[in-house]
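Colleague: The structure under discussion is supplied below as structure tokens; questions concerning it will follow.
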Amino acid sequence: MRPWRLESLGLADLDAVVTLEAESFRQPWSRALVASELRLGEAYALGAYAARDPGSPVFVAGYILLRLMVDALHVQRLAVVPAWRRQGLARQLLERALAARPPEAALATLEVRSGNLAALALYRAAGFDVAGRRPRYYPDTGEDALILSKPL
Ligand SMILES: CC(C)(COP(=O)(O)OP(=O)(O)OC[C@H]1O[C@@H](n2cnc3c(N)ncnc32)[C@H](O)[C@@H]1OP(=O)(O)O)[C@@H](O)C(=O)NCCC(=O)NCCS
């Protein structure tokens with residue numbers, strides 16, 4: 140896979156994240172919501188920074204946003220630029236973000252659409268199990284939300 144490095148996402152990445160949200164999610168986060176998350180400035184907004192070609196400017200090839208809620212590290216967003224998918228980037232982003240977790244995090248949790256087979260395969264391979272289901276949670280498709288968790 141092409142080289143990339145992991146760094147904290149900042150407000151300078153707002154445009155890149157908003158673009159990737161629109162490319163990746165049926166219900167993308169608004170610019171204001173992304174900005175408020177990035178403004179928190181915590182270590183839980185991480186980007187995979189890469190160059191398209193050697194010598195070209197670096198851009199955000201993927202990102203992961205997490206938030207600690209008491210002892211649960213919640214994966215809020217994880218997305219990879221379409222041209223960079225199926226190369227292991229999301230798996231590595233997830234692994235590295237969980238490895239850098241704060242000590243109080245006892246488990247990782249997230250919600251995923253029941254029809255998002257790519258994400259489900261990724262999370263299952265990373266050791267997440269289904270812990271709950273919210274029937275017909277997503278009004279645009281009527282899909283269930285699956286709640287996944289993984290002890291840390
Ligand atoms: C889901 C997503 C983040 C995966 O990113 P990625 O970098 O392509 O994933 P990886 O290459 O690290 O894949 C790791 C494993 O996940 C599974 N996987 C990923 N994409 C898959 C796909 N399209 N179909 C089936 N399995 C897939 C595979 O098991 C894969 O391992 P393998 O390539 O060795 O078979 C990416 O498709 C994406 O951004 N989707 C839109 C946003 C989204 O749905 N985010 C998750 C919301 S909960």
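Quick note: the sequence shown uses the numbering used here, first residue 140, plus one each step. Here a beta-carbon is modelled for each residue, glycine too, at the ideal position from N, C-alpha and C.
1. Thinking ARG275 and ASP283 are a contact (beta carbons under 8 Å), I'd like their distance in whole angstroms, please.
2. Can you determine whether any heavy atom of ligand 1 sits closer than 7 Å to the C-beta of GLN215, and answer yes or no?
3. Should ASP279 go down as buried or exposed, given a rule of 16 or more other Cβ atoms within 10 Å for buried?
4. Exposed or buried, GLU162, counting other C-beta atoms within 10 Å across all chains shown (16 or more means buried)?
5. With hydrogens ignored, establish whether the beta-carbon of ARG230 is closer than 7 Å to any heavy atom of ligand 1.
6. ARG206: which of VAL197, ALA200 and ARG216 sits nearest, CA to CA?
7. Classify VAL197 as helix, strand or coil using the three-state DSSP reduction.
8. Give the DSSP bridge partners of THR248, in chain order.
9. DSSP has MET208 in a bridge; who is on the other side?
10. From the DSSP output, in three-state form, read off TRP168 for me.
11. Ignore the nearest five residues each way along the sequence and tell me which others in TYR277's own chain have a CB closer than 7 Å to its CB.
12. Please find out if some non-hydrogen atom of ligand 1 comes closer than 7 Å to the beta-carbon of GLN166.
13. Do you know offhand how far TRP168's Cα is from GLY194's?
14. When the Cα of VAL220 is compared with those of VAL156, LEU145, PRO290 and GLY149, which residue comes out closest?
15. CB ALA189 to CB ALA200, shorter than 8 Å?
Modeller: In short:
1. About 6 Å separates the two Cβ atoms, so the contact holds.
2. Not under cutoff, so the answer is no.
3. Around the C-beta of ASP279, fewer than 16 other C-beta atoms lie within 10 Å, and the residue is accordingly described as exposed.
4. In the assembly as shown, GLU162 is an exposed residue. Its beta-carbon has fewer than 16 other beta-carbons within 10 Å.
5. Within the cutoff, so yes.
6. Nearest option by C-alpha distance: ARG216.
7. Reduced to three states, the DSSP call for VAL197 is strand.
8. Per DSSP, HIS213 and SER288.
9. In the DSSP output, where bridge partners are listed per residue, MET208 has ALA211.
10. If DSSP states are grouped into helix, strand and coil, TRP168 belongs with coil.
11. The beta carbon of TYR277 is closer than 7 Å to those of ARG252 and ALA284 in its chain, skipping five residues each way along the sequence.
12. Outside the cutoff, so no.
13. Near 32 Å, if we compare the C-alpha coordinates of GLY194 and TRP168.
14. Closest by alpha carbon: VAL156.
15. Between ALA189 and ALA200, the C-beta gap is smaller than 8 Å, which places the two residues in contact.
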